[in-house]
C-alpha cells in the first residue's frame, strides 16, 4: 500500500 | 514599466495550454533575468516552474521586479485570441492592477490589445535545491506522451525504473498489467529521436499517471523531454523551450506506507 507524497515533504516552503 | 516583446508568440500560447489545467492562479515574476513562474497544483503534489529568459525576447524592458497574479484560465482565453504567427507583447505599469497583451499580425496589418485584470495571489514558493540526480533519461517527448497515455488506460500509477538495461514504465490495474521498456539508442540522423540514459545508481519510483499525462500537454513545446530521478525525491520532467528557456514539472512520488 502506498500513499501520495506532497511536495512540502521534499522541498521547503520559502 | 514592463514591456516584453515575444516574436514567436505561439510559444506563450503553448505554455499556457501546458499549465492551465494543472494550476488555476499563479504569480508571473518579472525581473532583469527573465519572465518566470512557480506554482503548485491545488493538492501540492505537482509543481510547475517556467522560465523565459530575457535574452529570448526581441525587446525586454523590466524597470523593477514585478509579480503579477493571473488567473490562467482567463489568460488562456485572451491568448487564444492571438494568431499562431502573431507577435505578442506583454505590457504592465508598476503598481497597476492590469496587464495588457498586444497581438500583432506578421504583416503588421492587424494590431489587437487585450487588457486583463490582475489578482492578488498568496503564493507559496518552494525552495528547490540543485541536486545531482541518480538517473537522467532524455527521450522523444512524443514517445513519453504515448507511454503515459497508453499506460493510463490500464492503471492509475506507473513505476518508472532506470537500470543499465534501460528505462522501464510499469503499471497494473483491474484488467491486467503492462510494461514498456525503452533502451538507450543513438540516432545518427536525428538527435531528437534518441533515448539517452545517464545513470549513476539504479532508481525506481512510483507516480500518479494523471499528473504525468497533464505534463505531456507541454509536448508541443519540445521534441525531447528529460526525466531526472533520485531515490525518494520528486521527478523533474523538463521540456526545453527553444532558445528561450524551459518548463519543468516536479511530481512527488508515491510513498510506501
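Protein chains in written order, with the numbering used here: chain A, 1 to 14; chain B, 1001 to 1257. Yeah, the Cβ is synthetic: ideal placement off N, Cα and C, and Gly gets one too. Treat the numbers as computed from the prediction; the structure is a model and nothing was measured.
To the nearest angstrom, how far is the alpha carbon of residue i from that of residue j?
i                       : j                       : result
residue 1046 of chain B : residue 1228 of chain B : 15 Å
residue 1080 of chain B : residue 1 of chain A    : 43 Å
residue 1120 of chain B : residue 1178 of chain B : 45 Å
residue 1218 of chain B : residue 1095 of chain B : 32 Å
residue 1020 of chain B : residue 1134 of chain B : 30 Å
residue 1016 of chain B : residue 1035 of chain B : 14 Å
residue 8 of chain A    : residue 1008 of chain B : 35 Å
residue 1212 of chain B : residue 1148 of chain B : 7 Å
residue 1210 of chain B : residue 1151 of chain B : 10 Å
residue 1031 of chain B : residue 1064 of chain B : 7 Å
residue 1173 of chain B : residue 1157 of chain B : 9 Å
residue 1112 of chain B : residue 1104 of chain B : 7 Å
residue 1182 of chain B : residue 1194 of chain B : 10 Å
residue 1059 of chain B : residue 1024 of chain B : 28 Å
residue 1071 of chain B : residue 1189 of chain B : 43 Å
residue 1002 of chain B : residue 1090 of chain B : 7 Å
residue 1186 of chain B : residue 1067 of chain B : 43 Å
Spell out whether any CB of chain A is found under 8 Å from the CB atom of residue i.
i                       : result
residue 1049 of chain B : no
residue 1133 of chain B : no
residue 1191 of chain B : no
residue 1254 of chain B : yes
residue 1197 of chain B : no
residue 1122 of chain B : no
residue 1159 of chain B : no
residue 1040 of chain B : yes
residue 1336 of chain B : Limits of chain B in this structure are 1001 at one end and 1257 at the other, which puts residue 1336 of chain B out of reach.
residue 1060 of chain B : no
residue 1233 of chain B : yes
residue 1044 of chain B : yes
residue 976 of chain B  : With chain B represented from 1001 up to 1257, any question about residue 976 of chain B goes unanswered, as that position is not in the structure.
residue 1063 of chain B : no
residue 1024 of chain B : no
Name the two residues that bound the continuous alpha helix (DSSP H) containing residue i.
i                       : result
residue 1143 of chain B : 1141-1152
residue 1073 of chain B : 1072-1079
residue 1213 of chain B : 1209-1215
Starting from residue i, follow the beta strand (DSSP E) in both directions and report where the run begins and ends.
i                       : result
residue 1199 of chain B : 1196-1199
residue 1028 of chain B : 1025-1030
residue 1245 of chain B : 1245-1251
residue 1227 of chain B : 1224-1229
residue 1169 of chain B : 1166-1173
residue 1254 of chain B : 1254-1256
residue 1007 of chain B : Neither: residue 1007 of chain B is in no beta strand (DSSP E) and is coded neither H nor E.
residue 1096 of chain B : Segment: none, residue 1096 of chain B is in no beta strand (DSSP E) and carries neither H nor E.
Put residue i into one of helix, strand or coil per three-state DSSP.
i                       : result
residue 1160 of chain B : strand
residue 1015 of chain B : helix
residue 1132 of chain B : coil
residue 1240 of chain B : strand
residue 29 of chain A   : This structure does not reach residue 29 of chain A, given that chain A is present from 1 up to 14, and the question cannot be answered.
residue 1191 of chain B : helix
residue 1082 of chain B : coil
residue 1066 of chain B : strand
residue 13 of chain A   : strand
For this session: Tell me the start and end of each unbroken beta strand (DSSP E) in the region 1032-1057 of chain B that is at least 3 residues and wholly inside, in chain order.
Result: 1034-1040, 1046-1053
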